[in-house]
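Asks: Counting along the sequence shown from 1, when you hit position 93 you're at 219 in our numbering, and nothing is skipped either side.
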Amino acid sequence: MGSGPHRLRRDLLAQLLALKSYQRMGCFPRLDEIPETVVDFVRRAVDLQEGTVPKVTNRTAERQGTAVRQRTGLAYDKARARKIAEVVMRRRARGEGPYRGERLDLHGHP
127 MGSGPHRLRR
137 DLLAQLLALK
147 SYQRMGCFPR
157 LDEIPETVVD
167 FVRRAVDLQE
177 GTVPKVTNRT
187 AERQGTAVRQ
197 RTGLAYDKAR
207 ARKIAEVVMR
217 RRARGEGPYR
227 GERLDLHGHP
């Protein structure tokens with residue numbers, strides 16, 4: 127990917143987009159899924175050059191995800207995530223929620 131100031135700007139922009147996405151949506155969308163208006167807004171907010179495009183390697187993205195979770199005080203718990211996914215899928219199969227924006231505990235209760 128190269129090195130130097132250009133890479134640092136790309137990585138910084140990608141890191142900030144990951145942080146903002148996680149804070150707002152609770153997930154890490156792919157960089158190509160983030161609307162250009164959002165990228166432009168963040169780019170201007172931190173005074174990066176207009177041509178700066180967010181881009182990172184998979185390894186850097188993993189590190190950024192870890193840093194964002196630490197910054198926000200959240201931890202990634204695979205077992206808990208699987209349990210929640212199972213509860214959600216079973217509820218959906220029965221024609222029950224969850225409904226958009228509804229948060230569930232480990233027992234499937236809102």
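Every residue, glycine too, gets a C-beta built ideally from N, C-alpha and C.
Could you tell me the boundaries of the alpha helix (DSSP H) in which residue 209 lies?
Replies: Residue numbering aside, residue 209 sits at position 83 when the sequence shown is read from its first letter. It spans 204-219 - the alpha helix (DSSP H) in which residue 209 sits, taken as one unbroken run.
Asks: Contact check, residue 157 vs residue 143 under 8 Å by CB: the rounded distance?
Replies: On the sequence shown, position 31 is the one that residue 157 refers to. On the sequence shown, position 17 is the one that residue 143 refers to. Right, the Cβ-Cβ distance comes to about 7 Å (below 8 Å), so this counts as a contact.
Asks: Write down the C-beta distance between residue 146 and residue 168 rounded to the nearest angstrom, noting that I regard them as a contact closer than 8 Å.
Replies: Within the sequence shown, numbered from 1, the residue matching residue 146 stands at position 20. Within the sequence shown, numbered from 1, the residue matching residue 168 stands at position 42. With a Cβ gap of about 6 Å, residue 146 and residue 168 count as contacting.
Asks: On the CB-based measure, 16 or more other CB atoms within 10 Å of its CB, does residue 173 come out buried or exposed?
Replies: What you label residue 173 is simply residue 47 of the sequence shown in a count that begins at 1. Label assigned to residue 173: exposed.
Asks: With the cut-off set at 8 Å, would you say residue 149 and residue 192 are in Cβ contact?
Replies: Your numbering for residue 149 matches position 23 in the sequence shown. Your numbering for residue 192 matches position 66 in the sequence shown. No; because the gap between Cβ atoms is not below 8 Å, this pair is not in contact.
Asks: Out of 181, 220, 171, 159, point me to the one whose CA is closest to residue 140's CA.
Replies: Here residue 140 refers to the residue found at position 14 when the sequence shown is read from its first residue. Nearest option by C-alpha distance: 181.
Asks: Could you tell me the alpha carbon to alpha carbon distance between residue 138 and residue 221, rounded to whole angstroms?
Replies: Counting from 1 along the sequence shown, the entry for residue 138 is found at position 12. Counting from 1 along the sequence shown, the entry for residue 221 is found at position 95. If you take the alpha carbons of residue 138 and residue 221, they lie about 43 Å apart.
Asks: Could you spell out the range, first to last residue, of the alpha helix (DSSP H) harbouring residue 168?
Replies: On the sequence shown, position 42 is the one that residue 168 refers to. Segment 162-171, the alpha helix (DSSP H) holding residue 168.
Asks: Can you list, in chain order, the residues of its chain with a C-beta nearer than 7 Å to that of residue 179? Leave out the 5 residues immediately preceding and following it.
Replies: Numbered from 1 along the sequence shown, position 53 holds the residue referred to as residue 179. For residue 179, where only same-chain residues beyond five positions count, the Cβ hits under 7 Å are 136.
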